[in-house]
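Protein chains in written order, with numbering that gives the first Met the number 0: chain A, 0 to 314; chain B, 0 to 253.
Virtual Cβ for every residue (Gly too), placed ideally from N, Cα, C.
Note that the structure is predicted; figures quoted are calculated from it, not measured.
Structure first, commentary second.
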Amino acid sequence: MTIDSVEGHRPEEIRAVPLRHPGRWVATAILLVLAAMLVHDIVTNPRFGWGVVGNYFFATPVVDGVEKTLELTFVAMATGVVLGVLFAVMRLSPNPILSGAAWLYIWFFRGTPVYVQLLFWYVIAVLQPTISIGIPFGPAFVTMSANSIVTPFVAALLGLGLNEGAYYAEIVRAGILSVDHGQFEAAQSLGMRRTPLMRRIVLPQAMRVIVPPTGNETISMLKTSSLAVVVTYPELLYQTENIAARTFETVPLYIMACFWYLLMTTVLTMGQYYVERYYARGTSYALPPTPIQRIRRNLTTLRRVPFSPSGLGGS
Amino acid sequence: MAEPMIRAEAVHKRYGLLEVLKGITLEVAPREVMCLLGPSGSGKSTFLRCINHLEKINSGRLYVDGSLVGYEERGDRLHELREREVCRRRTEIGMVFQRFNLFPHMTAIENVVIAPVLVKKEAKAVAATRARALLDRVGLSNKIDAYPNQLSGGQQQRVAIARALAMQPKLMLFDEPTSALDPELVGEVLDVMRALAEEGMTMIVVTHEIGFAREVGDTLVFIDEGVVVEAGVPREVIANPQHERTKAFLSKVF
Chain A
0 MTIDSVEGHR PEEIRAVPLR HPGRWVATAI LLVLAAMLVH DIVTNPRFGW GVVGNYFFAT
60 PVVDGVEKTL ELTFVAMATG VVLGVLFAVM RLSPNPILSG AAWLYIWFFR GTPVYVQLLF
120 WYVIAVLQPT ISIGIPFGPA FVTMSANSIV TPFVAALLGL GLNEGAYYAE IVRAGILSVD
180 HGQFEAAQSL GMRRTPLMRR IVLPQAMRVI VPPTGNETIS MLKTSSLAVV VTYPELLYQT
240 ENIAARTFET VPLYIMACFW YLLMTTVLTM GQYYVERYYA RGTSYALPPT PIQRIRRNLT
300 TLRRVPFSPS GLGGS
Chain B
0 MAEPMIRAEA VHKRYGLLEV LKGITLEVAP REVMCLLGPS GSGKSTFLRC INHLEKINSG
60 RLYVDGSLVG YEERGDRLHE LREREVCRRR TEIGMVFQRF NLFPHMTAIE NVVIAPVLVK
120 KEAKAVAATR ARALLDRVGL SNKIDAYPNQ LSGGQQQRVA IARALAMQPK LMLFDEPTSA
180 LDPELVGEVL DVMRALAEEG MTMIVVTHEI GFAREVGDTL VFIDEGVVVE AGVPREVIAN
240 PQHERTKAFL SKVF
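Here's what the structure looks like:
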């Protein structure tokens, strides 16, 4: 074998004839025809009622409903996250009482439909007309009617939040289990007790596994919050149905609601992207550029950056 | 004679039916550097992990600085220690791992600062000052703000040593500290350990670095199949092993 490392000599650049893809052109043509048919129908079919969609899009009750939907989503999600972390840590606790209690909670709330749970909270007053604070089996200091405590909002929050807590506990547990065992040992050998070890060492690393499904769960929660209709909480779908009952413009109003939900989930998807980047710090993967960085680079190079799996593109 | 830093009396450890330690008896004096040598699976790492109670021993007695590891002797019975007490005792024992186990979401200095602040409730500024001094001592004053994945293996291991030293331990355990390193990075870690030994730190080092054991170690203990086969002054054991197992092992390592 001979090694010839003459610097400066470089063979000419390869300019091969690109591979042809006739199948792609056929597929594109078919899709274009189908898309044209769909667009034609959407534009010409009067039953879509685009005027109605536009008229009610920013109507006061609708905007109010959107606000309530967002409010319920975030409060229920926050409840779910707090409960989820708590029950995941309990589930992995060496204390059998704690892990048993967590198992029971997850078993019950994951095992019954969220719709039924919501209905149940709605009619809680039938089961428990009054709620008292006092000595167990002894005298009560304060007694209130269940209906004054479990308002439609509280019923929706309990139904969605407790259910989410059960699912989220499993997500957090998976995240904790994904952290290398050496991390536990290193922290233990430094004398860290279980709580700070979880909070400062394990959970921040588990976040990388926890965050993507959290985005998924939040989006799911936003849509599931529409079930709060059954507890008469006046969120987006409730308001939509109210207007529809008055005007009989059912289809356009459902389309309007869909647009609102799509808009909100799109914003959440974008937020998730940046949160994921934040928790990827200190990992061995290069961070993919943000869309803004990508646009900026494309503008400066004025060239199409070919796709590459690392997301970094060619140069 | 002074109280030994470590006293092991017939220490046994089982995982299910597998007996890993079959009665280890040894003593480590303060300021002594003991090197543990032996084939993989012989129980040397397990023994090390028993010393700071990462593993519970099944029988025998293990004392660090005069007090029983993980238990308290009241009357004629052993009582398990509370988590608080187990953790307090661990703060006195530094440990360095084969795979470094730095916290990847923290920079070098954050790795060194976190335990003193979190466990010993030291003021951040005080801990940071000492952390800088420690990182300087292991030759990494220019890598203070680097994340572990931006450091070479040798640099990571030196941060890990600084992290353990930040708790001001009276005893350091090294579990094959150079086994995961590229050959050209081994020297920088051994240099740090040698300096530490010269300052009088009590150290137990599980290693395959015969050269280090001979030059730095005060004692060399050869362990095989969960028992101490041979122990003595490193130079003598290496030059003139008495047991067949030791001879066979040393001939393969060299």
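- Closest in C-alpha terms to S131(A), from the list W106(A), K222(A), N146(A) and V51(A), comes N146(A).
- Proximity of the region 101-120 of chain B to the region 188-204 of chain A meets the contact definition, three or more beta-carbon pairs being nearer than 8 Å.
- Taken through DSSP and simplified to helix, strand or coil, F247(A) comes out as coil.
- Close to chain A, meaning a Cβ-Cβ distance shorter than 7 Å, are the following residues of the region 96-124 of chain B: F96, R98, N100, F102, P103, H104, I113, A114, L117 and V118.
- Neighbours of E18(B) across chain A, judged by C-beta separation under 7 Å, do not exist; the nearest C-beta is about 22 Å away.
- M255(A) and F73(A) have their C-alpha atoms spaced approximately 22 Å apart.
- Burial is judged here by how many other beta carbons sit within 10 angstroms of a residue's own beta carbon; A58(A) has fewer than 16 and is exposed.
- Using a CB distance cut-off of 8 Å, N57(B) does not count as an interface residue toward chain A.
- Between L262(A) and T217(A), the gap from beta carbon to beta carbon reaches 8 Å or more.
- For I56(B) and G181(A), the gap between their C-alpha atoms comes out near 20 Å.
- Shown here, Y146(B) sits in coil according to DSSP, grouped into three states, outside any helix or strand.
- A Cβ of chain A is located within less than 8 Å of the beta carbon of E82(B).
- Bridge partners of R60(B) according to DSSP: E8(B).
- The C-alpha of F248(B) is placed about 7 Å away from the C-alpha of G37(B).
- CA-to-CA, the gap between V68(B) and N51(B) works out to about 7 Å.
- Cβ neighbours of P240(B) within its own chain (closer than 8 Å, five residues either side excluded): F221, E229, K246 and L249.
- Under DSSP, no beta-bridge partner is assigned to A28(B).
- The region 167-176 of chain A and the region 147-158 of chain A do not touch, with fewer than 3 CB-CB distances between them shorter than 8 Å.
- Annotation for T78(A): G160 place their beta carbon closer than 6 Å to its own, counting only its chain and skipping 5 residues before and after.
- Here the region 88-103 of chain B lies against the region 167-181 of chain B, with 3 or more beta-carbon pairs under 8 Å apart.
- Scanning its chain for C-beta atoms nearer than 6 Å, with the 5 sequence neighbours on each side dropped, one finds around A161(B) the residues V111, L133, L134 and V137, in chain order.
- Remark: C-beta atoms of V32(B) and G216(B) approach each other more closely than 8 Å.
- Between Y232(A) and L71(A) a beta carbon distance of about 7 Å is seen, short of the 8 Å cut, so the two are scored as contacting.
- For V210(A), the enclosing alpha helix (DSSP H) has its first and last residue at L202 to T223.
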